[in-house]
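Residue numbers (my numbering): 23 to 182.
If you want it as structure tokens, here you go:
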């Protein structure tokens, strides 16, 4: 697995936003299109955390220059999602995406992927946060809804 300055994940905007809400931004690669999407909206509830993580070097800006493998259906994906998948594919990184279409495309490409919820469970298992439920409640309070079945699975996997 290729590692970019110790980074193993390349993140899309959604995960950056929700992880920022809980001050859980760890070192990740961020394609330029994703970074632009996050920074052009200073009203985001986690805008300050994203700015701080960028200034502290936790977010590693990367160029979007790579392209997803030819023949891959890209219908419905935004430029940020395309940048994440292309960069993950080109550099052997794990894609951190939550959007269903992007996840399906990543699976078709054979990419390793993880979502914000699974990353949250891993963070809890590493004893870096006391409760997954508290973070999920925070996300919900800011309009980031997780399907009830997914929420229950995450809580069960993390032991709440």
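Backbone N, C-alpha and C fix where the C-beta goes; we use that ideal spot for every residue, glycine too.
Out of curiosity, what's the CA-to-CA distance linking residue i and residue j?
i: residue 80; j: residue 149; result: 20 angstroms
i: residue 156; j: residue 102; result: 28 angstroms
i: residue 33; j: residue 56; result: 8 angstroms
i: residue 39; j: residue 174; result: 22 angstroms
i: residue 106; j: residue 125; result: 11 angstroms
i: residue 159; j: residue 65; result: 20 angstroms
i: residue 168; j: residue 41; result: 14 angstroms
i: residue 143; j: residue 45; result: 15 angstroms
i: residue 177; j: residue 100; result: 30 angstroms
i: residue 185; j: residue 69; result: Nothing about residue 185 can be read from this structure; the chain reaches only from 23 to 182.
i: residue 134; j: residue 47; result: 20 angstroms
i: residue 182; j: residue 130; result: 32 angstroms
i: residue 71; j: residue 127; result: 29 angstroms
i: residue 78; j: residue 132; result: 32 angstroms
i: residue 170; j: residue 118; result: 21 angstroms
Please classify residue i as buried or exposed, where buried requires at least 16 neighbouring CB atoms within 10 angstroms.
i: residue 85; result: exposed
i: residue 120; result: buried
i: residue 62; result: exposed
i: residue 36; result: buried
i: residue 146; result: buried
i: residue 137; result: buried
i: residue 162; result: exposed
With a threshold of 7 angstroms on Cβ separation, who are the neighbours of residue i within its own chain once the five nearest residues in sequence on each side are excluded?
i: residue 67; result: 43 and 164
i: residue 83; result: 52, 54 and 57
i: residue 27; result: Reliability of the predicted coordinates at residue 27 is poor, the pLDDT of 46 falling under 50, and the value obtained from them is presented with this limitation in mind. Only 82 meet the Cβ criterion.
Closer than 8 angstroms by C-beta to residue i: which residues in its own chain qualify, once you throw out the five before and the five after it? Chain order, please.
i: residue 172; result: 139
i: residue 151; result: 44, 46, 142, 145 and 157
Cutting at 6 angstroms between CB atoms, please list the residues of its own chain near residue i, excluding the five before and the five after it.
i: residue 98; result: 123
i: residue 180; result: 143, 146 and 154
i: residue 25; result: Caution applies to residue 25, whose pLDDT of 39 falls short of 50 and renders its modelled position unreliable; the value that the coordinates give is listed next. Same-chain partners within the cutoff: there are none.
i: residue 60; result: 35, 38 and 72
TODO: May I have a chain-ordered list of the beta strand (DSSP E) segments no shorter than 3 residues that lie completely inside the segment 48 to 117?
DONE: 50 to 53 and 81 to 84
Open item on the list: Would the segment 39 to 55 count as touching the segment 109 to 128 if we require 3 or more Cβ pairs under 8 angstroms?
Closed with: yes
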